[in-house]
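Q: Residues -17 to -1, 1 to 281 (mature numbering (1 follows the signal peptide of the UniProt record, and there is no 0)) are what the sequence shown spells out, left to right.
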Amino acid sequence: MLTLLVAGSMFFPGLFLLSKQCLKRVPGLCWSEGDAVIVSARLVSSIQAIMASSAGYIISTSCEDIIEDQHWLTTSYILFAVPYFVYDIYAMFLCYWHKLQVKGHEMENGPRPLGVALTSYLRREFLMVLHHVVMVAVCFPVSVFWRQGRGDYFQGVMFLAELSTPSVCLGKILIQYKQQHTLLHKVNGALMLITFFVCRVLLFPYLYYVYGRYASIPFYLVPFSVPWHCNLGAALLMAPQLYWFSLICRGALRLFTGSPRRPAAPAKPDADGHASVLQPANGYNARMVEHNASPPTH
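Right, dumping it as structure tokens:
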């Protein structure tokens, strides 16, 4: 167990540092430190998503009995991947910090104190940071210890939720470099909408449906047949997915209909009194979705 935790703790930060150095040295790109950090963070997220999805497919297709069958990869990948969520909180902060520099705050107003930047980051990315903390503090012990080796099929299907992550990351990279007008951005936006809906929104109804078939009970009776804490956990995990999906739908509507965006509200000042015009690191902020989905003006 400890070996896998240590391996994950070394793999994801190491991959981030390696990709950042490689991107800075690619001939013709001439990327700054900030560009390399932002793209590397999203590249690591995409690689983790592909690994998790692959593990989920192997596990879910190997379990005939959805309750009793076990697969060695289930607990092994959880132990390996849980350090990713700790790393990603730090990586998102690095992206936020470099965006401050790109927007000129550092040059115009002097270096921003680390504590002020961290507070602003936590306030802006509260939901995403909370999601990562819950994954480590709650989902990790539940998946490894509380399950007692049962329900590997369900855990494998939940890994498949990461199938939507590469398209989300690619979309944020295209937006970062003002490529909203390209065909690639529109195709990727459609793919993101479909994969997010199928892999994250329909995930829990599907799991309830599968359990209903297993237990030979109607779908609508499943919530009354499982322990209350299973319903509570499913509701808490699904709620932010519904919120993020609503923002993606709003962005997709503006992207594909070309409807004009509403006048932007005056920017609220940060903790240091300066107006904030940054995009959030998680890619789901409502103001950012409206801006990103609008037809380009350049």
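For every residue, glycine included, the Cβ atom is placed at its ideal position computed from N, Cα and C.
Within 10 angstroms of the Cβ of Leu(-1), are there 16 or more other Cβ atoms? Answer buried if so, exposed if not.
A: exposed
Q: Suppose you measure from the CA of Gln31 to the CA of Pro188; what does that come to, to the nearest Å?
A: Their backbone Cα atoms lie some 25 Å apart in a straight line.
Q: How many Å lie between Leu(-13) and Val140 at the Cα?
A: 22 Å
Q: Going by beta-carbon coordinates alone, are Ser29 and Cys182 separated by less than 8 Å?
A: no
Q: Would residue 283 pass as a contact of His115 if the rule is Cβ separation under 8 Å?
A: The structure shown does not extend to residue 283, since the chain is modelled only from -17 to 281, so the question has no answer here.
Q: Is Tyr60 buried or exposed, if buried means 16 or more other CB atoms sit within 10 Å of its CB?
A: buried
Q: If you draw a straight line from the C-alpha of Val260 to the C-alpha of Ser103, how long is it?
A: The pLDDT assigned to Val260 is 41, lower than 50, so where the model puts this residue is not dependable; a value taken from the coordinates is nonetheless given after this. Those two C-alpha atoms are separated by around 12 Å.
Q: Below 8 Å on the Cβ atoms is my guess for residue 309 versus Leu56; work out the distance and round it to an integer in Å.
A: In the structure displayed, the chain extends from -17 to 281; residue 309 sits before or after that span and is not available.
Q: My guess is that His81 and Val20 are in contact by the Cβ rule of under 8 Å, so how many angstroms apart are they, rounded?
A: 5 Å
Q: Find out if the Cβ-Cβ distance for the pair Leu(-3), Val22 is shorter than 8 Å.
A: no
Q: Once DSSP output is grouped into helix, strand and coil, what is the label at Ile33?
A: helix
Q: What are the complete beta strand (DSSP E) segments, minimum 3 residues, inside the segment 144 to 192?
A: none
Q: Can you tell which of Gly154, Lys161 and Leu190 has its C-alpha closest to the C-alpha of Leu174?
A: Gly154
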